[in-house]
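Right, one structure below, let's go through it.
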Amino acid sequence: MSQSGAGQAGSICLSKAAHANPIFSARATVSQDCITAYNDLKLSKKYKYIIYKLSDDNKEIVVEEASADKDYDSFREKLINATTKSKSGAVGKGPRYAVYDFEYSLASGEGERNKITFLAWSPDDANVMAKMVYASSKEALKRSLTGIATELQANDADDIEYDSILKTVSKGLAG
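Note that our numbering numbers the sequence shown so that position 59 is 62, with each residue one more than the last.
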């Protein structure tokens, strides 16, 4: 058998592995609306935050909500209360991606700052398959959103407390 035949057999084996393991085929594409909303947040300050989710078929990342609401607690509650539906139809806590434009003053009195922060919200008690699909698709979204200053992974409500995130985003310099 030639080398190319051996390579083809290896390809077939890899192909079967890819179909058997959904994580290999789970990477979603990013809808143009995600990029448009992000540019509206970044360039025109039209939004304070954007929450992204996977479409029902897990093939595309879409905008769930884009808002100018500056109430961080409201934003946080939306992440905490996000749900997803499993293949069996069960509804449970769901992962999300979010971008939040954090504004803060420096303790030194040097003025106002803002940092666009990417949050990967994946609650510990979310459906395992949903968490895997979100984890495998995160990089595609991040690559599409140029100008992210900080990235945070959050797995429970304490991880997205305002003061905790502000300390990370400002590197402890917020006043």
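Cβ atoms here follow ideal geometry from the backbone N, Cα and C, with glycine treated the same way.
**OP:** Give the DSSP-derived three-state secondary structure of K73 in the structure shown.
**Re:** coil
Original post:
On the three-state DSSP scale, how would you describe A152?
Top reply: coil
**OP:** On a CA-only basis, which of K96, D161, R116 is nearest V131? Give me that one, please.
**Re:** K96
Subject >> Whole-angstrom distance between V136 and N24, CA atom to CA atom >> reply: For N24, the predicted structure reports a pLDDT of 42, less than 50, and the residue's modelled location is therefore unreliable. The matter cannot be settled from this model.
Original post:
Is the beta carbon of A31 less than 8 Å from the beta carbon of L57?
Top reply: yes
**OP:** Identify, in the order they occur along the chain, each residue of the same chain with its Cβ nearer than 6 Å to the Cβ of A177, setting aside the five sequence neighbours on each side.
**Re:** Y107, L169
Subject >> Residues bridged to G95 [DSSP beta-bridge criterion] >> reply: Per DSSP, T87.
Original post:
Less than 8 Å separating the beta-carbons of Y75 and Y165?
Top reply: yes
Subject >> Contact under 8 Å by Cβ, A123 with Y55 >> reply: Remark: C-beta atoms of A123 and Y55 do not approach each other more closely than 8 Å.
Original post:
Is A152 near I119, with beta carbons less than 8 Å apart?
Top reply: The criterion of a C-beta distance shorter than 8 Å is satisfied by A152 and I119.
Original post:
Where do the N-terminal and C-terminal ends of the alpha helix (DSSP H) with Y165 fall, by residue?
Top reply: Its alpha helix (DSSP H) spans residues 165 to 172.
**OP:** Specify the secondary structure class of A129 as computed by DSSP and reduced to three states.
**Re:** In this structure, A129 counts as coil in the three-state DSSP scheme.
Subject >> A31, DSSP secondary structure in three states >> reply: The three-state secondary structure of A31, taken from DSSP, is coil.
Original post:
For A101, which three-state DSSP category applies?
Top reply: For A101, the secondary structure class from DSSP, reduced to helix, strand or coil, is strand.
Original post:
Per DSSP, what kind of secondary structure is L57 in: helix, strand or coil?
Top reply: strand
Subject >> CA nearest to the CA of S47, picked from V66, V65, A71 >> reply: A71
Original post:
Would you call the CB atoms of K134 and S140 closer than 8 Å?
Top reply: Contact flag unset, no.
Subject >> Through-space distance from K90 to E115, alpha-carbon basis >> reply: Computed Cα separation, rounded: 46 Å.
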